[in-house]
Amino acid sequence: MIEDEELRNLYQVASEEHLQKLNNGLLYLETHLEDKTPFEELLREAHSLKGDSRMLGVNDVETLTHQIEHILGTIYRSEIELSPEVSEILYAGLDNLAKLVREAVTGEPSGVNTFQALAHLMGASTASNEGENMSKTEEKIEPESIYSTEREIEIETKIEAEIEPESSYLNEEKIKLDTELMSQDLEEIRDNSTENTNGKFPIPSSQSPVPNSQFEPYRIETIRVETRYLDALMTETGELTVTKIRIAHQIAQIEEIAALWSEIQSKKAKKSQIIDLDLVTQKIEQRLEASLKQLLSSAQENVARLDLISTDLEEKVRTLRLLPLANIFNLYPRTVRDLAKEFGKEIELIIEGGETTADKRILEEMKDPLLHLIRNAIDHGIETPCDRQKLGKPPVAQLRLRGYQTANHIVIEVTDDGKGLDTQKIKETALHRGLYCSEELAAMTPNQIYALIFAPGFSTRTFITEVSGRGVGLDVVRHHVEQLKGNIEVESTPNQGTTFRMLLGKTLATAPVLLVEVDGITYGIPLEFVERNLLVFPEEIFTIAGKDAIALQDDEQAIPVVWLADLLEISPNSNQKKSSHQERLVCIILQVGKKQFGLFVDQLIDTQDVVLKPQSKFLKRVRNVAGATILGTGEVCIILNCIDLLKSVEKRSLSLANIEPKSTLTKSDKPIILLVEDSIAVRTQEKRILEAAGYQVITAVDGLDGYNKLRVSNFDAVISDVQMPNLDGLSLTTRIRQHQEYNELPIILVTSLATDEDKRKGAEAGANAYITKGDFNQQFLLETLKRLI
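Start counting the sequence shown at 4; every next residue gets the next number (our numbering).
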């Protein structure tokens, strides 16, 4: 386990990103064998993961990543073919890497035998040629092949010149592998494998890279933020400071008014000693009146200013939490591939709207429900290629994952072109489980029948055998959607497919609500569900099947109405109000999905944006309640759950249808260093070394970022990596030296490129010093820096 907490967290984020890109790239190559373009990025990702692991001493990850990098290089050079067997070996290697990374981050044993995993990867070339030349499968696998020979290094020079070099380093003595011991162990593993499998390496089953949600909740720990957003926040913070000062001045005005009032009272107490008391009091009152007017005007201005700033600040902070849905959508291609292979089906996953942004919490909460829907679609909804051809369908099924925005919602859809939901079997299951009687089921619409699959009674193992459609654990999906202030809809057509549509609230931290009063208590109703407000005469209420309803003037359809006090069970006699009061009743029409219903309340109070406080751990789930908030008066207000309210109404009647912006750079006695490094782990480590030595450090993520920072701030020295995206270190140095004002600026290059030719190029570009990571010594860096500044 990595001891340093900060480096551990950085390594977790970076390695998960590298592994995800490797998985996605390999998935692409499987279906686009002729395209060599992705190899550059794949080799870069593997190289970066290897370098970061080496720097932090995660030797097992470094070793396996090196072999994966070697296999990718041989595929790129067409020395071996990316056959299904080789793909499985690479996927198994990536799964082992994910487990080892988790072990390094959490300290929990991974259960991965590194030597066996390495031996399995080394069998890739054997697996590729199997069937063409059986003799090759029995060739002795030299343990030394885990390291690049001189010939391989020569061949790979062209490839590695285009990718990121080893992006991290440690003292060689700390992380040096015992090659001789490893070779002996690999020989034993190879011999045992040959005896047990007739010369073939066992291929373990490929596991989905998506963790088991039951034990590992999906959390997004870091968010990358563009500098312009931080600049905007700093501007807003400055505005808040100005307003704070203005309010402090108001306190002085209030103190002055209080002093005037005390003076008036004092004069009145001594009126016998004052000749013209009225004249004195009048002058003081005039001063008091002027001060009050000035205070009122200033207070109104500050309130308006604060309202504007807080609204703008809230919007900008909310923007920082927005992430593209692609962050979770990209987790599923590997899962779809593995499950399709497991069930003997051919499936094409189509992802649309990955650029749609949503709140970070939506991505966290929806990862597992989407995985559940995808599994169900593949397992139960999509037919086998043979069955599809019999139905006149193409053998390759389509599974579509789509995201988009509406005015009030983030919408995520999971659509398949399978056999659809079987309404008759759903009815039979509901009847068998005693959820509804035959008469109730007969009165239901198709949409109401589809909704039954979300009932907890359907999420059992028995349901799988009784209904060959959906249903396993879909109540969990519904629960997650409702936690996000959302609703889920189902559309299905027999033999054509099924769509699950999840409509999620756009904003989760704050929400506009309609404040209403019921029996002297204030409640909040989310405005996104409020369709309209009406005044209804008691005689306009009629009865359908023993339940109250009203007819909207612009729609002949009757909608059910209920007294909110009845639903909340706070006033058992509230339904008598229509007969005891002949005045109009206040009715709020709510719409949840495609369903409408009305709620009678005592009065409407106001609309207000509130910060929704979640329920405590002691009240995890209270029916009809979404949470609470504190109003400006200090009153605690319950926010109602409109989806729960609809369910309560339906139960009453089944007839219902890391960078600092420029403004934060402050002058200090410490020399300021610009550190340009694309590897986050190396960047963090070097920043610590420099700061511990008394330097102020500003970091840049690549050469272009470093150049832009240099042009807007003053620095005492630049320390840069060489091979980076956008603008490499040599080009950065050359560009800096083109400006006369930077002729004397010290530039130190720290890189893994250690040949004399590389050093010559660094000197020609204008660098003052060239330090190789392989021989890196932090004291040498600090001494060099001290000598140059």
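No residue lacks a Cβ here, since even glycine has one placed at the ideal position from N, Cα and C.
Could you tell me if residue i is buried or exposed, where buried requires 16 or more neighbouring beta carbons within 10 angstroms of its beta carbon?
i, result
"Glu43", "exposed"
"Leu571", "buried"
"Thr160", "A caution first: Thr160 carries a pLDDT of 42, below 50, which makes its placement in the model too unreliable to give a value."
"Gly709", "buried"
"Val104", "buried"
"Ala251", "exposed"
"Ala122", "buried"
"Pro449", "exposed"
"Leu36", "exposed"
"Asn780", "exposed"
"Phe466", "Since pLDDT at Phe466 reaches only 34, below the 50 mark, its modelled position is unreliable, and the value read off the structure follows with that caveat. That one is buried."
"Ile553", "buried"
"Glu65", "buried"
"Asp569", "buried"
"Asn498", "exposed"
"Ser18", "buried"
"Val493", "buried"
"Gln688", "buried"
"Leu311", "exposed"
"Leu189", "Only weak support exists for where Leu189 lies, its pLDDT of 36 falling under 50; the coordinates are left without a value."
"Ala95", "buried"
"Cys440", "exposed"
"Asn26", "buried"
"Gly500", "buried"
Which residue wins for smallest C-alpha separation from residue i, given the options the options?
i, options, result
"Leu756", "Asn746, Thr775, Arg763", "Thr775"
"Pro529", "Leu615, Ala445, Leu477, Glu242", "Leu615"
"Thr34", "Ala684, Glu367, Gln782, Arg340", "Arg340"
"Leu124", "Thr77, Ala552, Arg11", "Thr77"
"Ile287", "Glu266, Gln297, Lys344", "Glu266"
"Val519", "Leu93, Gln606, Ile562, Ser495", "Gln606"
"Lys550", "Ile562, Val539, Glu542, Leu643", "Ile562"
"Lys430", "Gly423, Glu492, Met447", "Met447"
"Phe545", "Gln560, Lys24, Asn536, Arg535", "Gln560"
"Asp7", "Glu349, Val61, Ser51, Leu30", "Val61"
"Leu588", "Lys422, Thr426, Phe603", "Phe603"
"Gly527", "Glu9, Ile633, Phe600, Gly508", "Ile633"
"Thr502", "Gly706, Gly406, Val533", "Gly406"
"Glu680", "Pro674, Val700, Ala696, Ala695", "Val700"
"Ala514", "Ile676, Lys488, Asp612, Val565", "Asp612"
"Asn746", "Thr754, Asp719, Thr758", "Asp719"
How is the alpha helix (DSSP H) around residue i delimited, first residue to last?
i, result
"Ile683", "683 to 695"
"His412", "Note, His412: premise wrong, no alpha helix (DSSP H); beta strand (DSSP E) at 412 to 419."
"Gly765", "759 to 768"
"Glu19", "8 to 34"
"Glu44", "41 to 58"
"Gln486", "477 to 486"
"Ile71", "62 to 79"
"Gly709", "706 to 715"
By the DSSP assignment, the beta strand (DSSP E) with residue i in it spans what residues?
i, result
"Cys590", "588 to 595"
"Gln436", "Contrary to the premise, residue 436 reads as Arg rather than Gln in this sequence. Looking at the DSSP string, Arg436 is not in any beta strand (DSSP E), and its letter there is neither H nor E."
"Asn780", "Taken as a continuous stretch (DSSP letters only), Asn780 belongs to no beta strand (DSSP E), as it is neither H nor E."
"Lys598", "598 to 604"
"Pro449", "Not the beta strand (DSSP E): Pro449 falls in the alpha helix (DSSP H), residues 449 to 454."
"His552", "For clarity, residue 552 is Ala in the given sequence; the question names His instead. Note, Ala552: beta strand (DSSP E), 550 to 554."
"Asn490", "490 to 496"
"Ser734", "Ser734 -> not in any beta strand (DSSP E); alpha helix (DSSP H) instead, spanning 732 to 740."
"Ala445", "Note, Ala445: premise wrong, no beta strand (DSSP E); alpha helix (DSSP H) at 441 to 445."
"Gly630", "628 to 633"
"Leu748", "From DSSP, Leu748 is part of no beta strand (DSSP E); its letter is neither H nor E."
"Ala568", "Element bounds for Ala568: not the beta strand (DSSP E) but the alpha helix (DSSP H), 567 to 571."
Hey, residue i and residue j are a contact pair by Cβ (cut 8 Å); roughly how many whole angstroms apart?
i, j, result
"Ser294", "Leu263", "7 Å"
"Ser682", "Asp55", "6 Å"
"Ile226", "Arg324", "7 Å"
"Phe600", "Val652", "5 Å"
"Leu735", "Gly769", "Their Cβ separation, rounded to whole angstroms, is 10 Å, which puts Leu735 and Gly769 out of contact at 8 Å."
"Thr387", "Lys344", "At roughly 12 Å, the Cβ-Cβ gap does not stay under 8 Å, so Thr387 and Lys344 are not in contact."
query = Which full runs of the beta strand (DSSP E) of 3+ residues lie inside the region 87 to 123, going along the chain?
reply = none
ask   = Fully enclosed by the region 359 to 404, which beta strand (DSSP E) runs are 3 residues long or longer?
value = 360 to 362
ask   = Unbroken alpha helix (DSSP H) runs of length 4 or more, entirely within the region 309 to 355: which are they?
value = 329 to 332, 335 to 345
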